[in-house]
Amino acid sequence: MPSRQQLANAIRALAMDAVQQANSGHPGAPMGMADIAEVLWNDFLRHNPANPAWPNRDRFVLSNGHGSMLIYSLLHLTGYDLPMDELQRFRQLHSKTPGHPEYGYAPGVETTTGPLGQGIANAVGMAIAEKTLGAQFNKPEVSIIDHFTYVFVGDGCLMEGVSHEVCSLAGTLGLGKLIVFYDDNGISIDGDVNAWFSDDTPARFAAYGWQVIPAVDGHDPDAIRQATEAARADEQRPTLICCRTVIGKGAPNKEGTAATHGAPLGAEEISATREAIDWPHAPFTVPEDIYKGWDAKARGAADEAAWDSMLEAYRQAYPELAAELERRLAGDLPVDFAAQAEAYIQACQDSGESIASRKASQNTINAFGPLLPELLGGSADLAGSNLTLWTDSKGVSADDASGNYIYYGVREFGMSAIMNGIALHGGFIPYGGTFLIFMEYARNAVRMAALMAQRCVFVYTHDSIGLGEDGPTHQPVEQLTALRATPNLQTWRPCDTVESAVAWKAAVERRGGPTALVFSRQGLPHQERDAQQVAGIVRGAYVLKDCDGVPEAILIATGSEVGLAMSAAEALPERAIRVVSMPCPEVFESQDAAYRESVLPSDCLARVAVEAAHADYWYKYVGLDGRIIAMRSFGESAPAAELFKEYGFTVDNVVAALEEVLEDI
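Counted from 1, the sequence shown has number 555 at position 568 by this note's numbering; the numbering is strictly sequential.
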């Protein structure tokens, strides 16, 4: 049987060879953390290489994702479907081994990491999901959901502000199955971190309520094992294991320096490293006894088989709970959800209620919540403004995690990244709210949700200058454009209760990516529709008010400006004006050409767009000769009615724009 040192050296060799062949990458972290990884993966991690989606597997997150050859080496060595030729194609087009770990490429990669700090944030979400799902489904005699979440982090992750947000919350929620290994090597890209990172990290995490195990020799397998056992034994607190390591361990002339961080070692240093670590094998060659020492397939199959037996006993004892758990883990909605949601949408149309769309959103959550126990909501300390709480909301806490609502505190970025982890774990559809302007704090986590195609619902309220007196610091202008420019993100801005309900239904039904729901603070008028128009909402844009014959001009609007557009069209009864409500341009653009033409006929060039957001987005729909009534500056502090008048969101101004564009065509 190979020694632990030899097993760890396989990681070092593969990492330096792959980075050298790619002529780019980060060999230092994999070489420095190889000993920690060897102990964790061989002694503790429960996983099945033959089934990376086994629900009760331990999760492993490489938060310092630039060290991606560490996880690729581990997956290859332990038996995942990641053959050596994929390691040889590291960082190459269409390989399963991109420069940073990407969810959905290599089997066994739990989340996309690279933007530092977000991996640990995702892991906090996974640990919350494990604790909450277990609290909802476990029984005294059987813990059907019972696994650990392990994380590797570096100095960079702990410098990022999002790590402070999420680790503080993790301590408050008592996530005892979250174990973080801190690669304390003292080196980042610019060199020795002491000049810019002098935090007392153990004290910081102790203050968060974590168990902290300091000063562990990250190259001593016995010390690593003992620390991990102590971490697993504390079920009330998450644990930070501080491991002192040497970056680039094994490279005799470069270890311990920034030279190993983000560049190939070079042929000469690699040759010296092979000699120093006693690895005489050719590049990308692993001896059979090393493979046998790493192989986790038999152990993983046995672990999953034992869990399958437990699940079968659980099915016998609790058939309804078991069916519900399996439905939720599969990501399927209840069979009657669509029909009941459609009935609610029609009820909204029949009621004719005129309210703020944020209130319409809350009403929808109240209607959908009892149908969807998988909804796990939250807000970044704005529940009373976002209206994300509903009648049966119950907070998740350290002592009772069986709830369905997370009080995230003022942590917009942390909330959004945690939501990604919750979605990745499975069993929940997370939604979380904040003001639209503070999407900016969370921007990269929203992008990551879209990149990973996760079913997250981002609820954004106070969507325009219509929030009024709080002023330009709180009034979004460019944020809708940023959301709409994000690939694979669908952004809905509903105009009333009916569109709000349709948007929520579309969001929870969407399995291929996240959704942003954008709601108003102020009241919005109800719009009358026939059945065909109600059915058209889900297509992203539809004709809300038509005219006899071919339209002379088309008014396009979203959200609070739809009512304004309707009033403007009615003020010109002698002209053939069509009003198009476009609550979700991304969905509209995915429709077939015939439908798009039926809504926005190409021979009608007289077009006006109205939206209390940045103007530039709308040129794609009105052309350079159209008119856009929108924002071209930041707002001001004043009552909403005064602001809408100040910036031209009036019936008279819309009518003038229509008359002007009609004259020009």
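Yeah, the Cβ is synthetic: ideal placement off N, Cα and C, and Gly gets one too.
Around the beta carbon of Ser348, a 10 Å sphere encloses 16 or more other beta carbons of the protein chains shown; the residue is thus reported as buried.
Each residue's CA atom was taken as its position, placing Ser82 and Met71 some 12 Å apart. One alpha carbon belongs to Leu165, the other to Asn35, and they sit about 20 Å apart. Taking the CA atoms as reference points, Thr65 sits about 35 Å from Pro306. Cα atoms of Pro459 and Val233: separation of roughly 48 Å, rounded to the nearest angstrom.
Val505 and Tyr447 have their C-alpha atoms spaced approximately 5 Å apart.
Distances from the CA of Gly401 to each of Ser130, Arg302, Ala432 were compared; the closest alpha carbon is that of Ala432. In the same chain as Gly622, and ignoring 5 residues on each side of it, the C-beta atoms closer than 8 Å to its own belong to Ile452, Gly458, Pro459, Gln462, Val464, Leu630, Tyr634, in chain order.
Check the Cα spacing between Arg315 and each of Ser296, His412, Val485, Gly161: the tightest is with His412.
Taking Cys571 as the centre and dropping the five residues before and after it, the same chain places the C-beta of Gln477, Thr478, Trp479, Arg480, Ala490, Ala493, Gly527, Ala528 closer than 8 Å to its C-beta, in chain order.
Within 10 angstroms of the beta-carbon of Asn181 lie fewer than 16 other beta-carbons, which makes it exposed. In this structure, DSSP gives Met3 a helical state, which the three-state scheme calls helix. When the five nearest sequence neighbours on each side are left out, the beta carbons in the same chain lying within less than 8 Å of the beta carbon of Ile200 are those of Ala214, Ala217, Ala218, Thr226, Leu227, Ile228, Cys229, in order along the chain. Proximity to Ile541 across Ser547, Ser620, Val530, Leu551 peaks at Val530, based on C-alpha coordinates. Every beta strand (DSSP E) of 3 residues or more that sits fully in the region 186 to 236 is shown, in chain order, as 198 to 204, 226 to 231. Here DSSP, grouped into helix, strand and coil, assigns Tyr606 to helix.
Under a 10 Å Cβ-count criterion, Trp41 is classified as buried, with 16 or more other Cβ atoms of the shown protein chains found around its own Cβ. Take Gly158, set aside five residues on each side of it, and the residues of its chain with a beta-carbon closer than 8 Å to its own are Phe192, Tyr195, Gly196, Trp197, Arg224, Pro225, in chain order. Annotation: the continuous beta strand (DSSP E) that includes Ile543 extends over 540 to 544. Between the alpha carbons of Cys144 and Gly249 lies a distance of about 16 Å. Contact between Pro(-11) and Gly287 fails: their C-beta atoms lie close to 20 Å from each other, not under 8 Å. In the three-state reduction of the DSSP assignment, His601 falls in the strand class. By the Cβ-count criterion, Tyr606 is exposed, with fewer than 16 other Cβ atoms from all chains shown falling within 10 Å of its own Cβ. Three or more Cβ pairs closer than 8 Å define a contact, and the region 383 to 398 falls short of that threshold against the region 439 to 446. Between Phe271 and Asp4, the gap from beta carbon to beta carbon is short of 7 Å. By the neighbour-count definition (other C-beta atoms within 10 Å, threshold 16), Val397 is an exposed residue. Phe636 sits in coil when the DSSP states are folded into three classes, being neither helix nor strand. Here the alpha carbon of Asn(-4) sits roughly 46 Å from the alpha carbon of Val495. Closest by C-alpha distance to Ala522, out of Glu152, Ala328, Lys284, is Ala328. In the three-state scheme derived from DSSP, where H, G and I count as helix and E and B as strand, Arg614 is classed as strand. When secondary structure is reduced to three states using DSSP, Thr98 falls in the coil class, being assigned neither helix nor strand. Secondary structure at Lys241: coil, using DSSP grouped into helix, strand and coil.
Annotation: the region 92 to 167 contains the following complete segments of the beta strand (DSSP E) (minimum length 3 residues), in chain order: 136 to 141.
Here Tyr392 is bridged, per DSSP, to Gly364, Gly382. Put simply, the region 87 to 100 touches the region 54 to 65. At least three CB pairs are less than 8 Å apart. The beta-carbon distance between Glu598 and Ala617, rounded to whole angstroms, is 5 Å. This is short enough to meet the 8 Å contact definition.
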